[in-house]
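Residue numbering for the sequence shown is 3 to 220, as defined by this note's numbering. Note that beta-carbon positions come from the ideal geometry of N, C-alpha and C, so glycine has one too.
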Amino acid sequence: MAESKWLGPNRWAEIVGPGNAPGPGSVVGLVTNPNLKFAIIVGSTRPGRVGASVAQWVADQAKQRSATYDLVDLADFDLDLLNEPTVPGAAGGVYENPKTTRWSQTIEQYDGYVFVTPEYNHGVPAALKNAVDVLYPEWRNKAAALVSYGADGGVRAVEQWRQILANVVLHVTRGQMSIRTYDEILEGSFEPAQRRPEQIAALFDQLEPLADAVKILR
Ligand SMILES: Cc1cc2nc3c(=O)[nH]c(=O)nc-3n(C[C@H](O)[C@H](O)[C@H](O)COP(=O)(O)O)c2cc1C
């Protein structure tokens, strides 16, 4: 049984061993803040989408982390195309459309996000772009990581996301995971290559301390 203790900003110790205290037989390792909460956002709302299977795999891998990762399916929110009379940057998190309010309340509670994004016509998917556009303060000074998929790994969408997310002050990790559909999406389902678990763990390793570090800016 491991216990996590806070040592200061970005420094948590995981103590495993007798009495959960440093001493003979115990192992002490630095881990990231276990109280952080992340949403893994399924960025495709399309019937028959492969995105749900990619996001589910990410969520399964995240179960090994001390931090909490929830799967948030954009399709469950049935968001309207931006129809708020006040621009989100000026709305102060108060919206007229109940669907926007529900999305806002969901997104607000997280310290960071894993965007699972397809690439449509060499760009970002419209439904997920709209989901980002309808909010503003909810994203501000949090962290994000991008998992993309497409014929070329969805990397063009990722580069566009980096520009877009900068404007809502979402701090994006340098690393990303880009899945080539012809290699690893088989019969509509993600069949990860052997290296993927290690890659996604490395991405979580970047995301979690970044999310912890930018908390002070909120
Ligand atoms: C409207 C549309 C445009 C697409 N454009 C691209 C593209 O530019 N690049 C690419 O790699 N794949 C493209 N694809 C193929 C998608 O990568 C593939 O359909 C993938 O399954 C989409 O993700 P989803 O099933 O989770 O929606 C496109 C698919 C759609 C529906």
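Between Glu98 and Pro87, the alpha-carbon positions lie close to 8 Å from each other.
Per the coordinates, the alpha-carbon of Ala204 lies some 17 Å from the alpha-carbon of Leu38. By alpha-carbon distance to Leu209, the top candidate from Lys101, Asp78, Val116, Tyr151 is Val116. Counting along the chain, the unbroken beta strand (DSSP E) around Asp75 starts and ends at 70 to 75. The alpha carbon of Lys217 has as its nearest neighbour, out of Val171, Gln196, Asp207, the alpha carbon of Val171. Assignment of alpha helix (DSSP H) within the segment 148 to 204, counting only whole runs of 4 or more residues, yields 157 to 169, 183 to 186 in chain order. The C-alpha of Ala146 is placed about 9 Å away from the C-alpha of Phe40. Between Asp135 and Leu84, the C-beta spacing is below 8 Å. Its chain contains Glu140 as the residues whose beta carbon lies nearer than 6 Å to that of Glu110, once the 5 sequence neighbours on both sides are disregarded; these appear in chain order.
The Cβ neighbour count for Val89, taken over all protein chains shown within 10 Å, is under 16; the residue is labelled exposed. In this structure, the C-beta of Gly91 stays at least 7 Å away from each heavy atom of ligand 1. Looking at Gly91, Val118, Arg48, Asp80, the one whose alpha-carbon comes closest to that of Leu73 is Val118. About 5 Å separates the beta carbon of Val157 from that of Ser180, a gap short enough to meet the 8 Å contact definition. Glu193 is not a Cβ neighbour of Glu200, given a cutoff of 8 Å. For Ala128, the enclosing alpha helix (DSSP H) covers residues 128 to 135. When C-alpha distances from Asp207 are compared across Lys7, Ala69, Leu130, the shortest belongs to Ala69. Distance between Asp80 and Val44, taken at the CA atoms: about 13 Å. One alpha carbon belongs to Val160, the other to Gly50, and they sit about 22 Å apart.
Collapsing the DSSP output to three states places Lys101 in a helix.
Comparing C-alpha distances from Ala128 to each of Gly91, Ser46, Asp154 shows the shortest one belongs to Ser46. Between ligand 1 and the CB of Ala57, the shortest heavy atom gap is not smaller than 7 Å. The beta carbons of Gln178 and Ser150 sit about 7 Å from each other, so the pair counts as a contact at 8 Å.
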